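I have placed the structure first, in the form of structure tokens, so that the comments after it can refer back to it.
Residue numbers (my numbering): 109 to 414.
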């Protein structure tokens, strides 16, 4: 593919898929939620990521979700990233090819192959093959605790030099040596986006461009403010805000994602139900109540800070 420059700086929200009481996708709520996070400062949306419970959606539902997100991003001039790909290279290439139907798509978020456990050279070959024919640039989704494939900084650097790869969603479960080494020698025009909500602040301190963060459903403006604080050099403010937001993220991830987030959004009146699809179960009342408590107390303190 022809390399296309994609500005990935800022907060991207990987949208949940809200459901009606009868189990249907709540399309109106999805559209309103998409507009809301953009109103609050997010630079873009991620459609059909893990947070969207994509594996449980039918093909028709996935297309419906993508249609809605594309329409909103077209109207708002926002970045649209779409989750695509699996552990099979051929089927991943086919999935990426289908994205040509939506010209609003800015990039595809493609996971490192899971379960197959290819070598690091195999991972590079996988992405080299995909980027050669993809109609959109690729963002590597590096999440070793899901894929059982932990990439070192050299492999990440090699992926970043591929013409059609524009960034990485870094979700290694912490700040490891690979992250530190990668930031010391980033490929040209290669963005690192925080993918573990708890570690947004330290990754921004190292030089991350922003984040793809499920927690930002709940407090979008404050996550946006955190990115801007680091960008402007407000280190003390960024540290303070980062600590408070990490507490919120911890509460929102106290049960499998996106169960607590859906519970909180429902309690706030933003989605019609907190329903998820099996094999997920709805979050407990205690976890939702705790997240709401953290959210509300944190907001009061953020307003004082502002």
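Just so it is clear, CB atoms sit at the ideal spot from N, CA and C, and this is done for glycine as well. Source: prediction; values computed, not measured.
Considering only the beta carbon of each residue, do residue i and residue j sit closer than 8 Å?
| i | j | result |
| --- | --- | --- |
| residue 303 | residue 324 | no |
| residue 391 | residue 383 | no |
| residue 188 | residue 178 | yes |
| residue 124 | residue 150 | no |
| residue 328 | residue 148 | yes |
| residue 256 | residue 222 | yes |
| residue 190 | residue 213 | yes |
| residue 198 | residue 146 | no |
| residue 321 | residue 121 | yes |
| residue 291 | residue 314 | yes |
| residue 331 | residue 353 | yes |
Please return the same chain residues whose Cβ sits closer than 6 Å to the Cβ of residue i, not counting the five positions on each side in sequence.
| i | result |
| --- | --- |
| residue 414 | At residue 414 the pLDDT is 46, less than 50, meaning the model places this residue with poor confidence and gives no usable figure here. |
| residue 395 | 362, 363 and 368 |
| residue 240 | none |
| residue 379 | 126, 137 and 373 |
| residue 399 | 359, 360, 368 and 372 |
| residue 260 | 286 |
| residue 318 | 117, 118, 119, 301 and 335 |
Among residues of its own chain, excluding the 5 on either side of residue i, which ones have a beta-carbon nearer than 7 Å to its beta-carbon?
| i | result |
| --- | --- |
| residue 208 | 243 |
| residue 253 | 281 |
| residue 310 | 283 |
| residue 266 | 232 |
| residue 333 | 349 |
| residue 225 | 256 and 257 |
| residue 412 | For residue 412, the predicted model reports a pLDDT of 47, less than 50, meaning its position is unreliable; a value from the coordinates is still stated below. Correct list: empty, nothing qualifies. |
| residue 236 | 270 |
Decide if residue i is buried, meaning its Cβ has at least 16 other Cβ atoms within 10 Å, or exposed.
| i | result |
| --- | --- |
| residue 166 | exposed |
| residue 219 | buried |
| residue 269 | exposed |
| residue 308 | buried |
| residue 376 | exposed |
| residue 133 | buried |
| residue 288 | exposed |
| residue 170 | buried |
| residue 385 | exposed |
| residue 337 | buried |
| residue 110 | Only weak support is given to the placement of residue 110: the predicted model assigns it a pLDDT of 48, under 50, and the question is left unresolved by the model. |
| residue 366 | buried |
| residue 200 | buried |
Excluding the 5 residues flanking residue i on each side, which residues of the same chain have their C-beta closer than 8 Å to its C-beta?
| i | result |
| --- | --- |
| residue 229 | none |
Would you mind reading off the limits of the alpha helix (DSSP H) that contains residue i?
| i | result |
| --- | --- |
| residue 166 | First-last for residue 166: undefined, no H or E at that position. |
| residue 335 | 328–340 |
| residue 371 | 367–375 |
| residue 346 | 343–360 |
Hey, quick one: how far does the beta strand (DSSP E) through residue i stretch, first residue to last?
| i | result |
| --- | --- |
| residue 310 | Note, residue 310: premise wrong, no beta strand (DSSP E); alpha helix (DSSP H) at 308–314. |
| residue 185 | Taken as a continuous stretch (DSSP letters only), residue 185 belongs to no beta strand (DSSP E), as it is neither H nor E. |
| residue 288 | That residue, residue 288, is in no beta strand (DSSP E); its alpha helix (DSSP H) goes 285–292. |
| residue 219 | 215–219 |
At least three beta-carbon pairs within less than 8 Å, the stretch 230–247 to the stretch 270–277:
yes
Check whether the stretch 158–172 and the stretch 340–360 touch, using three or more Cβ-Cβ pairs below 8 Å as the test.
no
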